[in-house]
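**Student:**
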C-alpha cells in the first residue's frame, strides 16, 4: 500500500514495488506550497474522473496510475473498502490531485496539515 510522507518541503507519495508496476511510473511528489486542500475521502472511487492513462484499474476494486480528465490529471492509488487521502494541488502542478489509499487517512491528513502554513484547513473542517 502506498504511503504519503512529508520530507524536505514536499509531500511524497511512496509506492510499493507492485504499485510502481501497476502505475507504470515511480513515486510522485509536490512541494508543500502547491497544496490547496487536504481531506479524507471515505469513498475514493467516487473521486475518479476521466480515463486511466497510464495505469491499472478494475472498476470498484483497484485504481493505480494517472487519470486524465478535461481539467488535467490526477495520480491515484486506491483500493476497494479503503478510504483515501485527497491532496488538491495548485493549477500549475504536474497533477491536479493525489488520491491515495493509506492505512490511517485521518493521521495522514493531520501530518500534512502540521507542515503547512497556518490557515489551511481540510475542506471537511
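In our numbering, the protein residues as written are 657 to 781. Beta carbons: idealized from backbone N, C-alpha and C, even for Gly.
1) What whole-angstrom Cβ distance do residue 740 and residue 756 have, given they're in contact under 8 angstroms?
2) To the nearest angstrom, how far is the alpha carbon of residue 675 from that of residue 659?
3) Which residue from 772, 751, 734 puts its Cα closest to that of residue 759?
4) Please name the residue or residues paired with residue 672 in a DSSP beta bridge.
5) Count the other CB atoms, across all protein chains shown, that sit within 10 Å of the CB of residue 781; report buried if there are 16 or more and exposed otherwise.
**Tutor:** In short:
1) 6 angstroms
2) 11 angstroms
3) 734
4) Residue 672 pairs with nothing; no bridge assigned.
5) Residue placement at residue 781 is poorly supported in this model, since its pLDDT is 44, which falls under 50; the coordinates are not used for a value here.
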